[in-house]
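Note that the protein sequences, when read in sequence, are chains A and B.
Residues in the first sequence are numbered consecutively from 1, following the working numbering.
Residues in the second sequence are numbered consecutively from 1, following the working numbering.
Note that beta-carbon positions come from the ideal geometry of N, C-alpha and C, so glycine has one too.
One structure below.
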Amino acid sequence: MSAVKLDLLLETQRLERCPFPIPVGWFFAAYSDSLSPGEVRNINFLNQEWVLFRGENGKAGITDPYCPHLGAHLGHGGKVVGDNIRCTFHHWEYDTEGFCKAIPYAKVMPPICKKQPVLRTLPVVERYGMIWAWYHPKAEDPQWELPAIPEMEEPGHVKPRRWTGSVNTAIQEVAENGVDNVHLKYLHGAPIVPPTEAWFDGHTMRIDIGHGYIIGDMYGPGLNVMRFTKDGVTATMVSYSVPITREKTQMNMSFTYKDYPQGTKERAIAEHLVAHSIGEAEGESSAGFESVDMIVWNNKKYRAKPLLCDGDGQIVKYRQWFKQFYPGLETSEKI
Amino acid sequence: MAEVRVTNRDGSGLALDAAEGRPLMEALRDAPTGVEGTCGGECACGTCHVYIDAPWAAKLPPRSEDEQMMLEAIGELVEVRPTSRLSCQIRMNPELAGIAVEIGPVP
């Protein structure tokens, strides 16, 4: 017998469950209608605490919690004053870009206050009724814009049905299931392994599962628009997962479709497509994401060098594509 | 130690010993000169403003961008001259022994 590859047998002793940093991208922070002008709220995501506020002008901001002056927490006692957030300690004020706009007792503002932001903030936009934050580990500006999603932004569609849940793994692992068509049969119990294609272009990835049955468009790690189409009727699942920590991901989804009149065949198909995607469809044995994926995600380790076989599809290409969201780690062997 | 000859804001004179390798501001702050050095050397407060005697001013390295900006900022409220410096940005060394400075006005 030839010598065994001992490294392979012992590798899991060294593997981490989640070796990834927080990736670059736009991430869901909160629903727009949950934050009123003048409101301040502490939120946990992207591996730290942040302070979310909305100025009287309606503009939302997300800042690092700790005042650049003497480190007080802006989200404990801080108030919105005009369009700025004001620290409770000495009433220094900051705008949504992190510039210091007022120090009530200083005769001369420190020059750096005019030159650059002194408080870290995340670039924020509001789309689809949601507050989105751009994350980059070195605070670089957004590298792409969020796409138009007509189903979420134009009239004539049903009020989105929302789902949210939490999973104990990294966001890259959650999205990897999108290109893993084989697990749809064996884990979810789909009748066949659906044929799947994937295309990668810059920060976007498109997958086609079942020759057009599901078209998924991913825009960086934090937004995935999946359209389920049957008999000419399309239901849309907008998925906006967000890393809470490096090992915990909050999954969020909104389901909508064209507002077909009650009682029509089209509406029934659309409703069925939604039910199918969340595993609630009558008379189907296939399970949705809510149940069966969790047992895998919550317990797995990430193998950077997986043992793959011929039917495993595009997993390696997906991982190569995802590496662009970890600047500086493009050649890391751990991810 | 390097000797520093100081002219106070009231015109009185003072001689100090400043530690080499340390900012001039610290020696001024720790003596009765009225220099506060509030920000600790970050070019953020302007309270260590001094006028350097012209022959000595020419021997100093030029102002950094941060120092320049702070001097411009206080220049809107007090007189800033070509020989104005933030003393926190002047690191003492043997070549500066005997330097003569006048404590400048601050906002």
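Alpha-carbon spacing of residue i relative to residue j, whole angstroms
i	j	result
A/V108	A/E140	29 Å
A/Y186	A/K248	25 Å
A/G210	A/Y94	51 Å
A/C87	B/K59	43 Å
A/Y257	A/V274	9 Å
B/G13	B/R5	7 Å
B/Q89	B/M1	17 Å
B/E136	A/I103	This structure gives no information on residue 136 of chain B, because the portion of chain B shown stretches from 1 to 107.
A/R17	A/I295	14 Å
A/V316	A/D201	15 Å
B/T7	B/E102	5 Å
A/A175	A/S241	9 Å
A/W50	A/G75	8 Å
A/H157	A/I269	15 Å
B/L77	B/H49	13 Å
A/K79	A/C113	20 Å
A/P68	A/L122	16 Å
A/N47	B/D17	50 Å
A/L35	A/A72	23 Å
A/E126	A/A148	12 Å
A/T196	A/L307	20 Å
A/D208	A/A106	60 Å
Among the options, nearest to residue i - alpha-carbon criterion
i	options	result
A/V182	A/H211, A/L70, A/Q314	A/Q314
B/M69	B/A31, B/E20, B/R85	B/R85
A/V24	A/R246, A/S34, A/M253, A/M130	A/R246
A/H266	A/T229, A/K300, A/S239, A/I244	Strictly speaking, residue 266 of chain A in this sequence is Glu, with His absent from that position. When only C-alpha atoms are compared, the closest one is A/T229.
A/A235	A/L8, A/I214, A/P142	A/I214
A/H203	A/N177, A/G222, A/I244	A/G222
A/A190	A/D180, A/K59, A/P327, A/F89	A/D180
A/V40	A/D33, A/R54, A/A29	A/R54
A/P155	A/Y135, A/Q143, A/Y318, A/Y128	A/Y128
A/K301	A/S241, A/A198, A/D217, A/E173	A/E173
B/E128	A/P110, A/T196, A/F322, A/R303	With chain B running from 1 to 107 in the structure shown, residue 128 of chain B is simply not present.
A/E333	A/F325, A/G311, A/K305	A/K305
A/H136	A/S36, A/W26, A/V4	A/W26
A/P261	A/E271, A/V125, A/F20	A/E271
A/W144	A/A133, A/P150, A/E153, A/E151	A/A133
A/Q116	A/G98, A/I131, A/M130	A/G98
A/L9	A/H90, A/R303, A/T164, A/W321	A/R303
Residue range of the unbroken alpha helix (DSSP H) whose run includes residue i
i	result
A/R319	315-322
A/Y186	182-186
B/Q68	65-74
A/Q48	A/Q48 -> not in any alpha helix (DSSP H); beta strand (DSSP E) instead, spanning 48-54.
A/M130	A/M130 -> not in any alpha helix (DSSP H); beta strand (DSSP E) instead, spanning 130-135.
A/I22	Run containing A/I22: none; DSSP gives neither H nor E here.
A/W144	Taken as a continuous stretch (DSSP letters only), A/W144 belongs to no alpha helix (DSSP H), as it is neither H nor E.
A/V296	292-297
A/V174	171-176
B/I90	Premise fails: B/I90 is in no alpha helix (DSSP H) and is neither H nor E.
A/I112	112-115
The beta strand (DSSP E) enclosing residue i, as first and last residue numbers
i	result
A/P150	No beta strand (DSSP E) contains A/P150, which is instead part of the alpha helix (DSSP H) from 150-153.
A/V81	79-81
A/D95	Per DSSP, A/D95 belongs to no beta strand (DSSP E) and is neither H nor E.
A/V124	124-127
A/C100	100-102
A/D336	Absent from the model: residue 336 of chain A. The displayed extent of chain A is 1 to 335, so no value can be given.
A/D201	196-201
B/E102	99-103
B/E3	2-7
A/V4	Note, A/V4: premise wrong, no beta strand (DSSP E); not H, not E.
A/V40	40-45
A/G165	161-167
Neighbour flag for residue i against chain E, beta carbons, 8 Å
i	result
A/L6	The chain labelled as chain E is not found among the protein chains of the depicted structure, namely A and B.
Proximity test, residue i beta-carbon vs the ligand GDP heavy atom, cut-off 7 Å
i	result
A/I171	You won't find the ligand GDP in this model; it holds no ligand whatsoever.
Chain-ordered residues of the stretch 110-126 of chain A with a beta carbon less than 9 Å from chain B | Residues P110, P111, I112, C113, K114, K115.
Ranges of the beta strand (DSSP E) found wholly within the stretch 207-285 of chain A, counting only runs of at least 3 = If we require 3 residues or more, the beta strand (DSSP E) runs fully inside the stretch 207-285 of chain A come out as 214-219, 224-230, 233-239, 242-245, 248-257.
Can you list, in chain order, the residues of the stretch 67-81 of chain B whose Cβ is nearer than 7 Å to any Cβ on chain A?
-> The residues in question are M69, M70, A73, I74, L77.
Interface residues of the stretch 239-260 of chain A facing chain B [CB-CB below 8 Å] = Of all residues in the stretch 239-260 of chain A, none has a Cβ within less than 8 Å of some Cβ in chain B.
Let me know the alpha helix (DSSP H) ranges lying completely inside the stretch 10-86 of chain B, each 4 residues or longer, listed in chain order.
-> The qualifying runs are 24-29, 54-57, 65-74.
Within 7 Å of chain A by C-beta, residues of the stretch 91-106 of chain B in sequence order | Listed by position along the chain: nothing, the set is empty.
Contact set between the stretch 85-111 of chain A and chain B, restricted to residues whose Cβ is under 9 Å from the partner | Under the 9 Å Cβ criterion, the stretch 85-111 of chain A contributes A106, K107, V108, M109, P110, P111.
Could you please tell me which residues of the stretch 36-64 of chain B, in chain order, have their CB closer than 9 Å to any CB of chain A?
-> Residues passing the 9 Å Cβ filter: C39, E42, C43, A44, C45, G46.
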